[in-house]
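Peer 1:
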Amino acid sequence: MSNSAEGEERLFELASFLAVSARGCVDEPHLYGPLRLIDALSRLVELSKHIPCVGSDPFLEEVRDRIENNKALIMHDKEKFISFLDSLVLEFSREIKRRAKSRP
1 MSNSAEGEER LFELASFLAV SARGCVDEPH LYGPLRLIDA LSRLVELSKH IPCVGSDPFL
61 EEVRDRIENN KALIMHDKEK FISFLDSLVL EFSREIKRRA KSRP
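The structure is reproduced here in structure tokens:
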């Protein structure tokens, strides 16, 4: 499979996941929505590896790794899962500020 075809397939998979997740959020427990969103974020970062015009982003790669290592918290410790989400938001806010300062 060519890089283009693989990228298109992964994009379709992510779009399908988001559509199904949106419907699932209607009936699922309320914390499944945040779980689906961070899973989509992880998939989006992974997708970037298959799109030639998108370069690697070390910050997002680290976030993806953290998501993969922590998303199962929802199954056994909801408070830790929420704390993990809070830490992700804090990391993103710091990174947004850092990137804003480095812009011309």
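Residue numbers (the numbering used here): 1 to 104.
Here a beta-carbon is modelled for each residue, glycine too, at the ideal position from N, C-alpha and C.
From a predicted model like this one, the values you see are computed outputs, not experimental measurements.
1. Quick one: using the 10 Å Cβ neighbour count with 16 as the cut-off for buried, is V45 buried or exposed?
2. For L31 and K49, I'd like the C-alpha separation in whole angstroms.
3. Exposed or buried, what is V63 when buried is set at 16 or more other beta-carbons lying within 10 Å of its beta-carbon?
4. Measure the C-alpha to C-alpha separation of G24 and F59 and round it to an integer number of angstroms.
5. Spatial neighbours of E61 within its chain, please: C-beta separation below 8 Å, excluding the five flanking residues on both sides.
Peer 2: To lay it out plainly:
1. For the purposes of this step, residue 45 is taken as the residue at position 45 of the sequence shown. Residue environment: V45 is assigned as buried (16 or more neighbouring CB atoms within 10 Å of its CB, all protein chains considered).
2. On the sequence shown, residue 31 is found 31 positions in, with the first residue counted as 1. On the sequence shown, residue 49 is found 49 positions in, with the first residue counted as 1. When rounded, the separation of the alpha-carbon atoms in L31 and K49 is 29 Å.
3. Numbered from 1 along the sequence shown, position 63 holds the residue referred to as residue 63. In this structure V63 is buried. Its beta-carbon is surrounded by 16 or more other beta-carbon atoms within 10 angstroms.
4. Your numbering for residue 24 matches position 24 in the sequence shown. Your numbering for residue 59 matches position 59 in the sequence shown. Approximately 29 Å, taken between the alpha carbons.
5. To locate residue 61, count along the sequence shown from 1; it is residue 61. These residues qualify, in order along the chain: V45.
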